[in-house]
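Whatever position you read off the sequence shown (first residue = 1), add 3 for my numbering. Even glycine gets a Cβ: it sits at the ideal position worked out from N, Cα and C.
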Amino acid sequence: MPAVYLFHIVEEYGAGFPAWMTLHMQADMNDVGFLRNNALFMTILVLLCLWATCSRTRLSALLLLAWGSGQLFWNFIFHLVTTVIADSYSPGLVTAALLYQPVSLAVAGLAIRDHRLNLPDTLLAFTIGAGLMLFVIWTGLWHFTLPVG
Numbered sequence: 004m005p006a007v008y009l010f011h012i013v014e015e016y017g018a019g020f021p022a023w024m025t026l027h028m029q030a031d032m033n034d035v036g037f038l039r040n041n042a043l044f045m046t047i048l049v050l051l052c053l054w055a056t057c058s059r060t061r062l063s064a065l066l067l068l069a070w071g072s073g074q075l076f077w078n079f080i081f082h083l084v085t086t087v088i089a090d091s092y093s094p095g096l097v098t099a100a101l102l103y104q105p106v107s108l109a110v111a112g113l114a115i116r117d118h119r120l121n122l123p124d125t126l127l128a129f130t131i132g133a134g135l136m137l138f139v140i141w142t143g144l145w146h147f148t149l150p151v152g
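Dropping the structure here:
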């Protein structure tokens, strides 16, 4: 998960995601905020991966999948929707489509296979991840408002 997240950050930053969001989605984003937020999100992801690797608890798997689905699975949905809305390539769409979807589903499948989570737990984690993603978008991009127009 951290490796694909890193590839995604490189694609977004290299293709000018902060400027694209400001132009097409009326977001308040700059390169410094983008890098700072992604460093924080990567740190959280790495720590959750380490915990889930060292611990066999349901909670560690649930929290990793919740955070990971918000950062990966739902991020793909975000890029797909913003591409359609803006009628323009949303920087990050390629890695989100090619890497985020399969990795998110593979991690979920492994958690179920290893009996760390069951299907309802997995669906709960993905629901929590959707909420986390929406919260990050609302607070980080639109600072507790919604874009108009």
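By Cβ distance below 7 Å, which residues in the same chain neighbour glycine 95 in space, the five residues on each side in sequence not counted?
Translated into the one-based positions of the sequence shown, residue 95 becomes position 92. Around glycine 95: His11, Glu14, Glu15, Phe20, His82.
What's the gap between the Cα of aspartate 34 and the Cα of histidine 27?
Here residue 34 is taken as the residue at index 31 of the sequence shown, counted from 1. Here residue 27 is taken as the residue at index 24 of the sequence shown, counted from 1. When rounded, the distance between both Cα atoms is 16 Å.
In the DSSP assignment, find the unbroken alpha helix (DSSP H) run with asparagine 41 in it and report its ends.
For the purposes of this step, residue 41 is identified with residue 38 of the sequence shown, where counting begins at 1. The continuous alpha helix (DSSP H) containing asparagine 41 extends over residues 34–57.
Would you mind working out which of Thr25, Leu65, Gln74, Val7 sits nearest leucine 137, comparing C-alpha positions?
Residue numbering aside, residue 137 sits at position 134 when the sequence shown is read from its first letter. Ranking Thr25, Leu65, Gln74, Val7 by Cα distance to leucine 137 puts Gln74 first.
Among residues of its own chain, excluding the 5 on either side of glycine 132, which ones have a beta-carbon nearer than 6 Å to its beta-carbon?
For this step, residue 132 is matched to residue 129 along the sequence shown. Ala69, Ser72, Gly73, Trp77.
Host alpha helix (DSSP H) of tryptophan 70 (start-end)
Taking the first residue of the sequence shown as position 1, residue 70 is located at position 67. Under the DSSP assignment, tryptophan 70 falls in the alpha helix (DSSP H) whose first and last residues are 61–71.
Per DSSP, what kind of secondary structure is glycine 143 in: helix, strand or coil?
In the sequence shown, the residue the question calls residue 143 occupies position 140. In this structure, glycine 143 counts as helix in the three-state DSSP scheme.
Out of curiosity, what's the CA-to-CA distance linking asparagine 91 and leucine 48?
As a position in the sequence shown, residue 91 is number 88, starting the count at 1. As a position in the sequence shown, residue 48 is number 45, starting the count at 1. A quick correction: the sequence has serine, not asparagine, at residue 91. A straight-line Cα-Cα distance of about 29 Å links serine 91 and leucine 48.
Contact belief for leucine 135 with aspartate 31 at Cβ below 8 Å, rounded distance in angstroms:
Within the sequence shown, the letter at position 132 stands for residue 135. Within the sequence shown, the letter at position 28 stands for residue 31. Not really, about 20 Å apart at Cβ, beyond 8 Å.
From which residue to which residue does the alpha helix (DSSP H) around glutamine 104 run?
Translated into the one-based positions of the sequence shown, residue 104 becomes position 101. Where glutamine 104 is concerned, the enclosing alpha helix (DSSP H) stretches over 104–116.
Smallest Cα separation from arginine 116: which of Leu51, Asn40, Arg59?
On the sequence shown, residue 116 is found 113 positions in, with the first residue counted as 1. When each option's Cα is compared against that of arginine 116, the closest is Arg59.
Do proline 5 and methionine 45 come within 9 Å of each other at the CB atom, strictly closer than that value?
In the sequence shown, the residue the question calls residue 45 occupies position 42. In the sequence shown, the residue the question calls residue 5 occupies position 2. In contact: methionine 45 and proline 5 (Cβ atoms closer than 9 Å).
Please return the same chain residues whose Cβ sits closer than 6 Å to the Cβ of serine 93, not counting the five positions on each side in sequence.
Taking the sequence shown and counting its residues from 1, one reaches residue 93 at position 90. The residues are His82, Thr85, Thr86.
Between tryptophan 23 and alanine 89, is the Cβ-Cβ spacing less than 9 Å?
The count along the sequence shown starts at 1 and reaches residue 23 at position 20. The count along the sequence shown starts at 1 and reaches residue 89 at position 86. Less than 9 Å separates the beta-carbon of tryptophan 23 from that of alanine 89.
With distances taken from CA atoms, which of Ala100, Gly36, Val110 is nearest leucine 67?
Position 64 of the sequence shown, counted from the first residue, corresponds to residue 67. It is Val110 whose Cα lies nearest to the Cα of leucine 67.
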